[in-house]
Amino acid sequence: VDDSIIVIENIYRHLEMGKTKMQATLDAVREIGASILTLTLVLVVVFLPIAFLGGMMGSFLGQFSLVIASTALISLLVSLTVIPLLTSRYGKLEVLNTKNIFGKFIRWFENLLDAFGLKMRNLLNWSLSHKLITFGVTALLLFSSLALIAGGFIGISMFDAGDRGEFFVRLKLPKDATTEQTNLAVLQTEEILKQQPLITSIFTTVGVEENGAVQSNKAEIHVNMA
1 VDDSIIVIEN IYRHLEMGKT KMQATLDAVR EIGASILTLT LVLVVVFLPI
51 AFLGGMMGSF LGQFSLVIAS TALISLLVSL TVIPLLTSRY GKLEVLNTKN
101 IFGKFIRWFE NLLDAFGLKM RNLLNWSLSH KLITFGVTAL LLFSSLALIA
151 GGFIGISMFD AGDRGEFFVR LKLPKDATTE QTNLAVLQTE EILKQQPLIT
201 SIFTTVGVEE NGAVQSNKAE IHVNMA
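Taking full-length UniProt numbering, the leading residue of the sequence shown gets 1, the next gets one more, and so forth.
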């Protein structure tokens, strides 16, 4: 969706220059096509490797990363094919009617955006004219952010590292082991664990790993302690 919006906005800008629908579409796509391609590929490269992670992170974020990567690629395809096709045939300039409430709101919002853009442009020009001050403020903000982490105001751990009174026992038999053989090994392990007075409960999973994969030679025992 983002890619399509960028392409449409750029095509409309070229239409405002007085170009024909076809010429405006060609010039707009040529102007930003490479940039859109680069941005989309960066997004795919960032999210796609998450789908190949193992363990808990892979289970939680694997499908999410595939959805993001595939959506970005589809958005790129639509913005460079369907959108130019439609705008080259049906694109036109819209004359804003400021007599109704909706038109007045759109005009007010556009004026607000123009004012914001002007302020940002002035801020950028000032920053480029005062490079030392800009660098100093940026460095101060960076080190202040790092100081918040070092001072303990912002945590960096994903989970609490404290003792939660539990641990896991993972069993791995030879690959040709059946589920019955794995279950027998689990029962023997459970008998040893039950002899420990601090253990309150045991939960066992046979033939299934933590990421959901089915493997008859593996088992996991979740042990809770008092």
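All C-beta atoms, glycine included, are put in the ideal place defined by N, C-alpha and C.
Values in this document were obtained by computation on a predicted structure and should not be read as measured data.
query	result
Alpha-carbon spacing of S4 relative to F168, whole angstroms	49 Å
Integer-rounded CB distance, given that V206 should sit under 8 Å from T179	6 Å
8 Å Cβ cutoff met for A27 and K19	Going by the sequence as given, residue 27 is Asp instead of Ala. A contact, by the Cβ cut-off of 8 Å.
Nearest residue (CA-CA) to V78, options N100, T40, L61	T40
Start-to-end residues for the alpha helix (DSSP H) that takes in K194	179 to 194
Stretch-stretch touch, CB-based, cutoff 8 Å, three pairs: the stretch 114 to 127 with the stretch 75 to 89	no
Per-residue burial, V29 [other beta carbons within 10 Å of its own, 16 or more giving buried]	buried
Residues of its chain near M225, where Cβ-Cβ distance is below 8 Å and the 5 sequence neighbours each way are ignored	G165, E166, F167, L198, I199, T200
Contact belief for L48 with S65 at Cβ below 8 Å, rounded distance in angstroms	6 Å
Residue burial classification, V46 (beta-carbon count within 10 angstroms, cutoff 16)	exposed
Inter-stretch contact at 8 Å, needing at least 3 Cβ pairs: the stretch 175 to 194 / the stretch 213 to 224	yes
Span separating the alpha-carbon of L193 from that of T182	17 Å
Residues bridged to V29 [DSSP beta-bridge criterion]	BP columns for V29 are empty, so no partner.
Per-residue burial, T87 [other beta carbons within 10 Å of its own, 16 or more giving buried]	buried
Residue range of the beta strand (DSSP E) that includes N100	Here N100 belongs to no beta strand (DSSP E), and DSSP marks it neither H nor E.
Nearest candidate by alpha-carbon position, reference P84, set V95, H14, K104, I68	H14
Backbone secondary structure at H130 - three-state DSSP	coil
Where E220 falls: helix, strand or coil (DSSP)	strand
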